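K.L.:
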Amino acid sequence: MTATRITPANGSIVDEREREALDKIARARAVALRAPKFLDERITMAHGAGGKATASLVGGLFAPAFASPSLALLDDAGAISVDGVGLAVTTDSFVVRPLRFPGGSIGELAVNGTVNDLAMVGARPLGITIAMVLEEGLSTDVLREEVAAIARAANVAGVEIIAGDTKVVERGHADRMYICTTGVGRRDQRAGLSPAGLRPGDRVIVSGFIGEHGMAIMLARGEFELDSEILSDTRPLWPAADALLDLGGDLRCMRDATRGGVATVLNELAVASSVSIVVDEGRVPVRSAVTGACELLGMDPMYVANEGTFVAVVAPETADRALSLLRQIPGSESATVIGTVTTDATGMVLVNTAFGGRRVMDLLVGDPLPRIC
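To convert a position in the sequence shown, counted from 1, into the numbering used here, add 663.
(1) Could you check the C-alpha separation between residue 686 and residue 943 for me, to the nearest Å?
(2) Answer with buried or exposed for residue 881, where buried requires no fewer than 16 other C-beta atoms within 10 angstroms of its C-beta.
(3) Can you give the Cα-Cα distance for residue 853 and residue 926, rounded to whole angstroms?
(4) So, are the CB atoms of residue 989 and residue 903 less than 8 Å apart?
(5) CA-CA distance, residue 805 and residue 1026?
(6) Bridge partners for residue 788 per DSSP, in chain order?
(7) Going by the CB atoms, is the gap between residue 960 and residue 872 shorter than 8 Å?
(8) Return helix, strand or coil for residue 757, following the three-state DSSP convention.
(9) Look up residue 918 in the DSSP assignment and say whether it is helix, strand or coil.
(10) Taking the alpha helix (DSSP H) that residue 838 belongs to, which residues open and close that run?
(11) From 692, 724, 714, pick the residue whose C-alpha is nearest to that of residue 704; which is it?
(12) Decide if residue 970 is buried, meaning its Cβ has at least 16 other Cβ atoms within 10 Å, or exposed.
(13) Please state whether the Cβ-Cβ distance between residue 947 and residue 1005 is less than 8 Å.
(14) Below 8 Å on the Cβ atoms is my guess for residue 972 versus residue 869; work out the distance and round it to an integer in Å.
(15) Have a look at residue 892 and residue 995 and give me their C-alpha separation to the nearest angstrom.
(16) Smallest Cα separation from residue 1067: which of 737, 974, 877?
(17) Please say whether residue 979 and residue 865 have beta carbons closer to each other than 8 Å?
(18) Buried or exposed: residue 1016, going by 16 or more other Cβ atoms within 10 Å of its Cβ?
(19) In the DSSP assignment, find the beta strand (DSSP E) that holds residue 1005 and state where it starts and stops.
Given below as structure tokens:
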């Protein structure tokens, strides 16, 4: 067969043989994703990693059982309306090991992770509930440190701790401390965000360097003979989200790239919008320390968790303004356009590699980084 170069209206370039192969893969994925099944006999760590196993658990068991239109969107937070006021509600659990790590701790992570889920759906965080599960024998000094960390993080994020709960379990029945949260925020009306709102030609932005939280946790465990100064990027994202909301309808979607990393977020958005996303690998911002650690551990930074970096998709004509807005926000100074929304292969993410090739970037398989958030 003779390969023919074609140039679709969206500007992407593929040849016919590549398109045929991509179409076959896309059709096979569409069958699996249209009605996900949960057939596993036991829960494994992979079911909490944010990749394919998590998608199977949520899409094949939770979503059909609860049958909620809001939950079916699989967004970062659910939407409700009270007397005409649009609110967003999210809930999360934090089981990170170790409790304290370079750049943060479980208490700070619990607050930031919760307000970030609200920020990603365009909701200004208002209040958080904190429920703690404590293991018998936990040092009260450790508990005091985490209570102080929660208070500091809530103050920085401008959110109030409005309720809480405490449970203590027998020694050996937990790993020192778990924190469960629920967050409530007021939805901003400047933009109508939706993971299904991506359009061909849109630009894909990451708000900063990727992979830092996951690598910081891994190195803090001391399981590898690696010495690095990598810090977690945990931070509240509402200031950055608030700035981008000024783009109005040209801001299609935002999502924080936590478990499963940027790769998983892009796959979820490509499926939700029935488009493909082409990433230019050379434009993805990764610090050299993270790149080096990932290479030694055989990992791709695109799959490593972040706690203060998010993906935003914007209309092409507003990409430069989006970068300008983000780069004024502390923590988002390295915001970069890394890719484009196309129609090359529906529901898939493709990567233009630094060596001039192209590869498919699928959902995360397995659990290379357990207990990171």
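Even for Gly, the Cβ is constructed at its ideal location relative to N, Cα and C. Just so we're clear, the structure is a prediction, and the values are computed from it rather than from any experiment.
P.N.:
Considering the structure as presented:
(1) 21 Å
(2) buried
(3) 28 Å
(4) yes
(5) 36 Å
(6) 848
(7) no
(8) strand
(9) strand
(10) From DSSP, residue 838 is part of no alpha helix (DSSP H); its letter is neither H nor E.
(11) 724
(12) buried
(13) no
(14) 6 Å
(15) 20 Å
(16) Given that the chain is displayed from residue 664 to residue 1036, the structure contains no residue 1067 and the question cannot be resolved.
(17) yes
(18) exposed
(19) 999-1005
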